[in-house]
Amino acid sequence: MVPGEFVATEVLPLSASIARDLRCTEVYGCNLNYRAYGGVKMFEYTYTLPFEETKFAEIVIKELKRTDLHDIAYLLKDSKVSINNTGIYSNNVGGGRWNAYAIYIEFYVNPLNIAVLEEKQNKKEISVVCNRIIPANVGFDIKDVEFFPDYTIEYDSNEDLVDDLVKTVQSQSKRIIDLLSPELMNKGFEMSEAYIYMYAIENTIRGFIENVLVTKYGGEYFNKIKLTKNINTKLSSRKVDASSKKWLSFNSESDIYFLDFIELGDIIRENWTDFSSYFPNQEFILTKVSELADARNRIAHNSYIGETERTMLKAYYKMITSQIIK
Numbered sequence: 004m005v006p007g008e009f010v011a012t013e014v015l016p017l018s019a020s021i022a023r024d025l026r027c028t029e030v031y032g033c034n035l036n037y038r039a040y041g042g043v044k045m046f047e048y049t050y051t052l053p054f055e056e057t058k059f060a061e062i063v064i065k066e067l068k069r070t071d072l073h074d075i076a077y078l079l080k081d082s083k084v085s086i087n088n089t090g091i092y093s094n095n096v097g098g099g100r101w102n103a104y105a106i107y108i109e110f111y112v113n114p115l116n117i118a119v120l121e122e123k124q125n126k127k128e129i130s131v132v133c134n135r136i137i138p139a140n141v142g143f144d145i146k147d148v149e150f151f152p153d154y155t156i157e158y159d160s161n162e163d164l165v166d167d168l169v170k171t172v173q174s175q176s177k178r179i180i181d182l183l184s185p186e187l188m189n190k191g192f193e194m195s196e197a198y199i200y201m202y203a204i205e206n207t208i209r210g211f212i213e214n215v216l217v218t219k220y221g222g223e224y225f226n227k228i229k230l231t232k233n234i235n236t237k238l239s240s241r242k243v244d245a246s247s248k249k250w251l252s253f254n255s256e257s258d259i260y261f262l263d264f265i266e267l268g269d270i271i272r273e274n275w276t277d278f279s280s281y282f283p284n285q286e287f288i289l290t291k292v293s294e295l296a297d298a299r300n301r302i303a304h305n306s307y308i309g310e311t312e313r314t315m316l317k318a319y320y321k322m323i324t325s326q327i328i329k
């Protein structure tokens with residue numbers, strides 16, 4: 004054996020369980036070289052990625068998209084990866100292959116996305132992908148995936164809308180401040196941002212649906228598309244209610260404005276053939292509409308939503324608009 008050469012050893016014969024433990028399957032494209040020393044088969048690790056480290060994040064994002072994890076892929080947009088090779092054998096760091104190195108995958112991402120990325124399921128999905136793209140013969144065992152803020156990039160920001168609102172509220176609320184605690188005031192400013200995003204999301208989707216259906220069916224599209232019985236019932240009831248309250252300002256130019264946010268998702272689902280070209284699949288848009296509807300209800304009832312939910316609003320707004328603007 005060459006001095007300083009690192010090799011993995013397995014006693015002959017190589018069993019199926021050993022091969023599986025080493026991830027030596029055609030699925031991973033693994034090609035473990037070996038040498039025999041005194042009846043023992045020695046597997047060699049390269050300790051080198053088959054691609055440049057600078058491409059790691061790009062490959063992870065592509066793999067997430069390939070497996071329909073578009074939400075997580077979007078949160079990693081513009082990210083960078085640094086592989087922290089500890090130089091310590093994996094079995095000495097919580098267990099693993101005795102001569103594989105323990106490594107940590109460090110993602111440098113948009114600071115606003117860290118809270119969502121660190122959620123247990125999201126982190127697990129990213130870890131699975133990282134393990135998948137590193138061939139077994141490299142000899143790296145991933146111990147953890149970590150996220151750090153990257154302030155070297157100017158990320159897209161729509162906070163100017165909020166800044167204007169906050170300044171207005173602050174200038175007109177001097178007398179109110181004495182009645183509210185600083186904590187409640189701060190939460191109010193945070194919720195003003197959430198309201199603006201939710202308003203933008205809801206009316207963007209509403210306008211998108213109308214444009215698509217008017218283009219295909221004309222101005223009377225509501226008489227030609229598929230509607231659930233529930234939507235028809237609520238539509239009639241809300242029209243009657245609106246006509247009896249003429250002192251209230253209301254946009255009644257189109258029936259689309261009589262629908263609640265969650266019902267916009269029903270329109271898309273029931274008429275999927277009209278919208279399928281805009282989204283990867285139904286789940287992509289319908290899941291987001293459902294989650295956003297929950298947030299909308301809390302905002303509408305002046306309940307507080309935290310940073311994670313506000314980050315979700317921003318991410319979903321950008322993801323949805325990037326799909327429907329073609």
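Numbering of the sequence shown is given in the numbering used here, commencing with residue 4 and proceeding in unit increments.
For each residue, glycine too, the CB sits at the ideal point set by N, CA and C.
Beta carbon of residue i nearer than 8 Å to that of residue j
i	j	result
Leu120	Val131	no
Arg209	Ile259	yes
Lys146	Gly97	yes
Asn125	Ala318	no
Met315	Glu286	no
Asp144	Gly99	yes
Glu273	Thr207	no
Val148	Ile106	no
Arg301	Glu205	no
Ile136	Glu66	yes
Among the options, nearest to residue i - alpha-carbon criterion
i	options	result
Thr57	Ser85, Leu79, Glu66 and Ser306	Ser85
Thr311	Leu67, Arg69 and Ala118	Ala118
Lys229	Asn206, Glu122 and Phe278	Phe278
Lys291	Leu72, Leu52 and Tyr48	Leu72
Phe110	Asn95, Phe211 and Glu61	Glu61
Ile212	Met201, Leu238, Glu266 and Asn233	Glu266
Tyr200	Ile328, Glu47, Arg313 and Lys227	Arg313
Asn214	Glu47, Ser257, Met194 and Thr89	Ser257
Leu52	Asn233, Asn134, Ile204 and Glu223	Asn134
Lys83	Pro114, Thr89, Ser239 and Glu223	Pro114
Asn233	Ile270, Asn305 and Thr218	Ile270
Ala296	Tyr224, Ser239, Tyr202 and Tyr220	Tyr202
Ile288	Gly268, Asn305, Phe150 and Ser239	Gly268
Residue i, buried or exposed, once every other Cβ within 10 Å from all chains shown has been counted against 16
i	result
Tyr320	buried
Pro367	Since the first and last residues shown for the chain are 4 and 329, residue 367 lies out of range.
Asn87	exposed
Glu196	buried
Ile323	buried
Gly309	exposed
Asn140	buried
Asp244	exposed
Ile328	exposed
Residue i, enclosing alpha helix (DSSP H) - first and last residue
i	result
Gly90	Counting along the chain, Gly90 falls outside any alpha helix (DSSP H), though it belongs to the beta strand (DSSP E) covering Lys83 to Tyr92.
Phe261	Taken as a continuous stretch (DSSP letters only), Phe261 belongs to no alpha helix (DSSP H), as it is neither H nor E.
Lys80	Premise fails: Lys80 is in no alpha helix (DSSP H) and is neither H nor E.
Phe59	Phe59 to Arg69
Glu128	Lys123 to Ile136
Thr290	Gln285 to Ala303
Gly320	According to the sequence displayed, residue 320 carries Tyr and not Gly. Glu310 to Ile327 is the span of the alpha helix (DSSP H), which, as asked, contains Tyr320.
Whole-number beta carbon distance between residue j and residue i, since they are thought to touch under 8 Å
i	j	result
Tyr92	Ala103	7 Å
Gln326	Phe282	6 Å
Ala261	Lys242	Inspection of the sequence shows that residue 261 is occupied by Phe rather than by Ala. Confirmed, Cβ separation roughly 6 Å.
The beta strand (DSSP E) enclosing residue i, as first and last residue numbers
i	result
Asp277	Segment Trp275 to Phe278 is the alpha helix (DSSP H) holding Asp277; no beta strand (DSSP E) there.
Ile106	Tyr104 to Val112
Val148	Phe143 to Pro152
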